[in-house]
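Each residue of the sequence shown is one higher than the last, beginning at 1 in the UniProt record's numbering.
We put the CB at the ideal spot given by N, CA and C, even for glycine.
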Amino acid sequence: MIDKIKEHIEEVKAFHADNKEKIEEFRIKYLGSKGLLRELFADFKTVPNEMKKDFGQVINQLKTIAEEKVATLQEQIESKEVAKGIYGDLTRPGEPVTLGSRHPISIVKNQIIDIFSSVGFNVSEGPEIEDDWHNFTALNLPEYHPARDMQDTFFIQTNPDVLLRTHTSSVQVRYMENNQPPIRTISPGRVFRNEDISARSHCIFHQVEGLYIDKDVSFADLKQTLLYFTKEMFGKSKIRLRPSYFPFTEPSAEIDIYWGLKTETDYRITKGTGWLEIGGCGMVDPNVLKNCGIDADEYTGFAFGMGVERIAMLLYQIGDIRMFYENDVRFLEQFKSSL
Ligand code: DAH
Numbered sequence: 001m002i003d004k005i006k007e008h009i010e011e012v013k014a015f016h017a018d019n020k021e022k023i024e025e026f027r028i029k030y031l032g033s034k035g036l037l038r039e040l041f042a043d044f045k046t047v048p049n050e051m052k053k054d055f056g057q058v059i060n061q062l063k064t065i066a067e068e069k070v071a072t073l074q075e076q077i078e079s080k081e082v083a084k085g086i087y088g089d090l091t092r093p094g095e096p097v098t099l100g101s102r103h104p105i106s107i108v109k110n111q112i113i114d115i116f117s118s119v120g121f122n123v124s125e126g127p128e129i130e131d132d133w134h135n136f137t138a139l140n141l142p143e144y145h146p147a148r149d150m151q152d153t154f155f156i157q158t159n160p161d162v163l164l165r166t167h168t169s170s171v172q173v174r175y176m177e178n179n180q181p182p183i184r185t186i187s188p189g190r191v192f193r194n195e196d197i198s199a200r201s202h203c204i205f206h207q208v209e210g211l212y213i214d215k216d217v218s219f220a221d222l223k224q225t226l227l228y229f230t231k232e233m234f235g236k237s238k239i240r241l242r243p244s245y246f247p248f249t250e251p252s253a254e255i256d257i258y259w260g261l262k263t264e265t266d267y268r269i270t271k272g273t274g275w276l277e278i279g280g281c282g283m284v285d286p287n288v289l290k291n292c293g294i295d296a297d298e299y300t301g302f303a304f305g306m307g308v309e310r311i312a313m314l315l316y317q318i319g320d321i322r323m324f325y326e327n328d329v330r331f332l333e334q335f336k337s338s339l
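Structure, rendered in structure tokens:
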């Protein structure tokens with residue numbers, strides 16, 4: 001008899017159920033008013049006195065174990081139901097998370113930074129609201145210099161010394177004022193020009209300025225650096241430095257890359273020449289070095305400036321610069337898979 005009860009104890013221990021009905025069935029079987037325990041307690045009366053103690057102990061053990069089992073199983077089921085109430089069905093697949101995308105200008109800017117960082121350039125920044133000295137005068141563009149006309153400027157009406165920078169070359173000046181050579185820095189940023197807005201030009205756009213100052217820096221270093229950049233950025237390995245004029249560099253050049261003439265688009269964007277201009281460059285004019293407190297007899301250097309929108313338009317074949325600023329999600333979503 002006692003062995004039989006012990007078997008029941010094992011049975012109860014091993015029992016598991018994950019729904020209310022099964023637990024209730026189990027409860028009735030053992031603890032119900034016509035259940036097993038009732039019967040056992042009834043039998044207890046007929047048990048000889050000397051066995052009562054052992055017999056009583058196992059019955060009580062079975063009772064406690066059965067009661068505990070029912071309580072824990074019920075608790076488990078209830079807590080699952082509470083979780084379901086809060087979270088719904090936890091096994092269901094989650095709602096898709098809609099990811100944003102980086103703006104194409106940021107993507108291209110970051111690529112340019114990565115390429116120049118890999119050859120030792122750091123990143124520097126300057127203010128968008130500038131003064132005359134940093135945007136013009138220190139860069140060899142004194143007041144009434146005709147080259148100031150190349151960059152239609154937004155001035156603050158009440159104070160002609162405060163303006164929105166027309167190029168990131170102003171950051172060159174600030175960097176040289178605060179750091180001595182060797183200098184290797186690029187300065188990405190937003191610039192402003194009082195120009196009519198069209199498919200090809202905008203009054204707000206982005207540039208990346210580059211500056212390298214050290215002993216014995218030559219024009220050959222400039223060309224090699226730009227060649228490295230165009231190979232990494234566009235996969236194109238032919239560039240041309242076309243003589244030009246900038247007041248802050250001497251000699252100065254426009255940077256052209258050989259884009260090729262394979263497709264109709266190539267013909268259109270290069271106007272049938274195969275060449276594309278991506279920016280300006282040159283050897284930093286000794287006057288600029290002096291203006292910024294750098295010994296022009298000891299140091300030489302090169303500088304360059306490139307338009308980020310122009311590069312992005314080439315890379316992604318975007319025909320209208322205004323697309324960048326309209327915040328049309330149909331346009332922006334196309335850059336989801338990029339960097
Ligand atoms: N600042 C010039 C512009 O906005 C671009 C430029 C040309 C920058 C030559 C330079 C440079 O540093 O050397 O048109």
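- With a threshold of 8 Å, the Cβ atom of H167 counts as near the ligand DAH, since some heavy atom of the ligand is closer than that.
- Rounded to whole angstroms, the Cβ separation of S124 and T185 is 5 Å, and the two are in contact under 8 Å.
- Fewer than three pairs of CB atoms, one per stretch, sit closer than 8 Å, so the region 305-321 makes no contact with the region 74-92.
- Between the alpha carbons of K29 and P96 lies a distance of about 47 Å.
- Bounds of the alpha helix (DSSP H) holding G85 are 49-87.
- Out of S237, K6, Y175, the CA that lies nearest to the CA of G210 is found in Y175.
- For V191, the CB falls within less than 8 Å of some heavy atom of the ligand DAH.
- When rounded, the separation of the alpha-carbon atoms in D89 and L31 is 33 Å.
- Assignment of E264 by DSSP, reduced to helix, strand and coil, places it in the helix class.
- Shown here for D3: not one same chain residue has a beta carbon closer than 6 Å to its own, the five before and five after excluded.
- The C-alpha of T225 lies about 22 Å from the C-alpha of A296.
- For L332, the enclosing alpha helix (DSSP H) starts and ends at 329-332.
- One Cα belongs to S117, the other to S187, and the distance between them is close to 12 Å.
- Counted as a single uninterrupted DSSP element, the stretch harbouring M176 is not any beta strand (DSSP E) but the alpha helix (DSSP H) occupying residues 169-178.
- Between F234 and E309, the gap from beta carbon to beta carbon reaches 9 Å or more.
- A distance below 7 Å between beta-carbons, with the five flanking residues on each side excluded, links R27 to the following residues of its chain, in chain order: V70.
- Between T64 and T91, the alpha-carbon positions lie close to 35 Å from each other.
- Put simply, of I77, A220, I112 the residue whose alpha carbon is nearest the alpha carbon of G301 is A220.
- The C-beta distance from A253 to C281 rounds to 6 Å, short enough to fall under 8 Å.
- A straight-line Cα-Cα distance of about 26 Å links G189 and T270.
- For S252, the CB falls within less than 8 Å of some heavy atom of the ligand DAH.
- An exposed status is given to V119, since fewer than 16 other beta-carbon atoms sit within 10 Å of its beta-carbon.
- R148 and L139 have their C-alpha atoms some 11 Å from each other.
- Nearest to F229 by alpha-carbon distance, out of N60, I115, F192, Y245, is I115.
- Where I112 is concerned, the enclosing alpha helix (DSSP H) starts and stops at 104-117.
- In this structure, the CA atom of G260 is about 15 Å from the CA atom of I278.
- For the region 3-38, the full-length alpha helix (DSSP H) segments reaching 4 residues or more read 20-31 along the chain.
- Nearest Cα to F155 within the set P142, N135, V47, V171: N135.
- Between V171 and I112, the C-beta spacing is not below 9 Å.
- Between P146 and F324, the C-beta gap is not smaller than 9 Å, which leaves the two residues out of contact.
- E298 is the residue among E298, L36, T273, K238 whose C-alpha sits nearest the C-alpha of P181.
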